[in-house]
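There are 2 protein chains.
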Amino acid sequence: MNNSQYPSQLIEQAVEEISKLPGIGKKSALRLALHLLKRPEGQSVQLASSLIKLRTETKFCTTCHMISDEDICGICKSNKRDESLLCVVEDAKDVLAIENTGQYQGLYHVLGGIISPMSGVSPSDLQIESLVKRVGEKGFVEIIIGLSPTMEGDTTAFYITKKLKEYPVKISTIARGIPIGGDLEYTDEITLGRSIVSRISLDD
Amino acid sequence: MNNSQYPSQLIEQAVEEISKLPGIGKKSALRLALHLLKRPEGQSVQLASSLIKLRTETKFCTTCHMISDEDICGICKSNKRDESLLCVVEDAKDVLAIENTGQYQGLYHVLGGIISPMSGVSPSDLQIESLVKRVGEKGFVEIIIGLSPTMEGDTTAFYITKKLKEYPVKISTIARGIPIGGDLEYTDEITLGRSIVSRISLDD
Numbered sequence: 454m455n456n457s458q459y460p461s462q463l464i465e466q467a468v469e470e471i472s473k474l475p476g477i478g479k480k481s482a483l484r485l486a487l488h489l490l491k492r493p494e495g496q497s498v499q500l501a502s503s504l505i506k507l508r509t510e511t512k513f514c515t516t517c518h519m520i521s522d523e524d525i526c527g528i529c530k531s532n533k534r535d536e537s538l539l540c541v542v543e544d545a546k547d548v549l550a551i552e553n554t555g556q557y558q559g560l561y562h563v564l565g566g567i568i569s570p571m572s573g574v575s576p577s578d579l580q581i582e583s584l585v586k587r588v589g590e591k592g593f594v595e596i597i598i599g600l601s602p603t604m605e606g607d608t609t610a611f612y613i614t615k616k617l618k619e620y621p622v623k624i625s626t627i628a629r630g631i632p633i634g635g636d637l638e639y640t641d642e643i644t645l646g647r648s649i650v651s652r653i654s655l656d657d
Numbered sequence: 454m455n456n457s458q459y460p461s462q463l464i465e466q467a468v469e470e471i472s473k474l475p476g477i478g479k480k481s482a483l484r485l486a487l488h489l490l491k492r493p494e495g496q497s498v499q500l501a502s503s504l505i506k507l508r509t510e511t512k513f514c515t516t517c518h519m520i521s522d523e524d525i526c527g528i529c530k531s532n533k534r535d536e537s538l539l540c541v542v543e544d545a546k547d548v549l550a551i552e553n554t555g556q557y558q559g560l561y562h563v564l565g566g567i568i569s570p571m572s573g574v575s576p577s578d579l580q581i582e583s584l585v586k587r588v589g590e591k592g593f594v595e596i597i598i599g600l601s602p603t604m605e606g607d608t609t610a611f612y613i614t615k616k617l618k619e620y621p622v623k624i625s626t627i628a629r630g631i632p633i634g635g636d637l638e639y640t641d642e643i644t645l646g647r648s649i650v651s652r653i654s655l656d657d
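Sequence order for the protein chains is Z and E. The opening position of the first sequence corresponds to residue 454 in our numbering, with each subsequent residue numbered one higher. The opening position of the second sequence corresponds to residue 454 in our numbering, with each subsequent residue numbered one higher.
As structure tokens, this is what we get:
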């Protein structure tokens, strides 16, 4: 054994790299490395090459900045989408999540993050300039801000709202309230308070 | 969007490969892929190359079959180990786990799996021949079978015991019982039963 707790430097290096991934600690990384050692060589090679291809060949849509195989993504290119609606989201995961609901037919704009002074993310790091330009050029009727109801999300929403003030476009945000199936008793007071303030009329 | 739920075939391929790893589903795989896309290209390249190196360059000790950087591993090469004791384990993880306890100074023999007819693993797939040869050649005093107390572990232990019957060597197994800190009340009846049968004298 060398001085480290690992029996081989190759293992140590692999564990080091794997454990840089979010949610994977050294112990899980070791388990994954030992798993790969037991599997045919082809599996490791394919995994590695798909990771490199992913990182080096993936493009981003030049219009909405969504991950795409081509210069313009399928959603922007589609003629079946409602071009009067634009939903602003933090990243690609959110587009996939909203698409999965089947409830939204408009277009998207992927910011690539949210404003977070704590993590050193400022407005200039995000696709906000291009959002403003896009709103100025296209005739959107409504911009839906689809950001998480966190401090960073609210800050970003506030910043975007201010930036878009000069355009004659309605700005809305996705509803905050008690999750469907959630228990009123266990809902935190801020959410509960907001859900009372933004109560929904059942009359119409 | 293409027909799949992923915005890009490169993402889809990466998710496909990542989710082949144990304990990582499609959703986690997508999260990992999107994470890598946000990180510098170097991280993906290093991760990929460490995986390929791991799989193609890792050697196994020709004596104990432990993962090793050289032909003979550090434990087998060391002159600080007790050469009268040999602990037989399922795989490399178990060597690391036992080494971490700091309670064992003997040598190891890594089987590379356990006998499992259900998974198609037969004795000939394991390093049992080489164990028998090693026991025949070296003057071990005791062989400690360090396998999990499962049906497969017990089957393997039984098979090895039979194979080693002709050699004048003591064969033991790691103790089974209530885990330290475990609660007697919640211990399953088989473990509790065994812990009564193999009770330990406190007299000496």
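Beta carbons: idealized from backbone N, C-alpha and C, even for Gly. Please read all numbers here as calculations on a predicted model, not as lab measurements.
Bridge-paired residues (DSSP) for residue i
i: E:K533; result: None; E:K533 has no bridge partner.
i: E:L538; result: E:E595
i: E:T626; result: E:I598
i: E:H518; result: E:H518 pairs with nothing; no bridge assigned.
i: E:S569; result: E:V574
i: E:L560; result: E:L539
i: E:F513; result: E:I520
Residues near residue i in its chain [Cβ-Cβ closer than 8 angstroms; skip 5 each side]
i: E:D544; result: V563, L564, G565 and G566
i: E:G630; result: T644, R647, S648 and S651
i: Z:V588; result: L539, I596, L617, Y620 and V622
i: Z:G527; result: S521
i: Z:K533; result: Q558
i: E:S537; result: G559, G592, F593, V594 and E595
Residue i, buried or exposed, once every other Cβ within 10 Å from all chains shown has been counted against 16
i: Z:G650; result: The sequence as given places Val at residue 650 of chain Z; Gly does not occur at that position. It counts as exposed.
i: Z:E638; result: exposed
i: Z:I613; result: buried
i: Z:M519; result: buried
i: E:Q556; result: exposed
i: Z:A467; result: buried
i: E:S654; result: exposed
i: E:N456; result: Low per-residue confidence applies at E:N456: pLDDT is 49, beneath 50, and the placement is therefore not dependable enough to give any value.
i: Z:I477; result: buried
i: E:D547; result: buried
Neighbourhood of residue i by C-beta, 6 angstroms cutoff - its chain only, sequence neighbours within 5 removed
i: E:I464; result: A486
i: E:S521; result: K512 and C514
i: E:I598; result: V541, A610 and T626
i: E:Q462; result: none
i: Z:Q580; result: H518, L564 and G565
i: Z:P602; result: R629
i: Z:V585; result: K616
i: E:T640; result: I631
i: Z:S583; result: none
i: Z:K664; result: Because chain Z is modelled from 454 through 657, residue 664 of chain Z falls outside the range shown and cannot be assessed.
i: E:M604; result: none
Supposed close pair residue i, residue j - CB separation, criterion 8 angstroms
i: Z:F593; j: Z:L539; result: 5 angstroms
i: Z:I568; j: Z:T608; result: 5 angstroms
i: E:E523; j: Z:T509; result: Not quite, the Cβ-Cβ distance comes to about 34 angstroms (not below 8 angstroms), so this is no contact.
i: E:L489; j: Z:L507; result: 7 angstroms
i: Z:Q558; j: Z:D578; result: About 30 angstroms separates the two Cβ atoms, so there is no contact after all.
Sequence-distant residues of the same chain with beta carbon closer than 7 angstroms to residue i, five excluded per side
i: Z:M454; result: Residue confidence is low: Z:M454 scores 42 on pLDDT, short of 50, so the model does not pin down where it sits. No coordinate-derived value is stated.
i: Z:I525; result: C514, T515 and T516
i: E:C529; result: C514, T516, C517 and L560
i: E:A482; result: V468, I471 and S472
i: Z:A576; result: Before going further, note that residue 576 of chain Z is Pro rather than Ala in the sequence given. Here the set comprises I568 and Y612.
i: E:G606; result: I567 and L600
i: Z:N553; result: none
i: E:M571; result: none
Legend entry - Validate contact between the region 467 to 476 of chain E and the region 490 to 504 of chain Z using beta carbons, cut 8 angstroms, 3 pairs: yes
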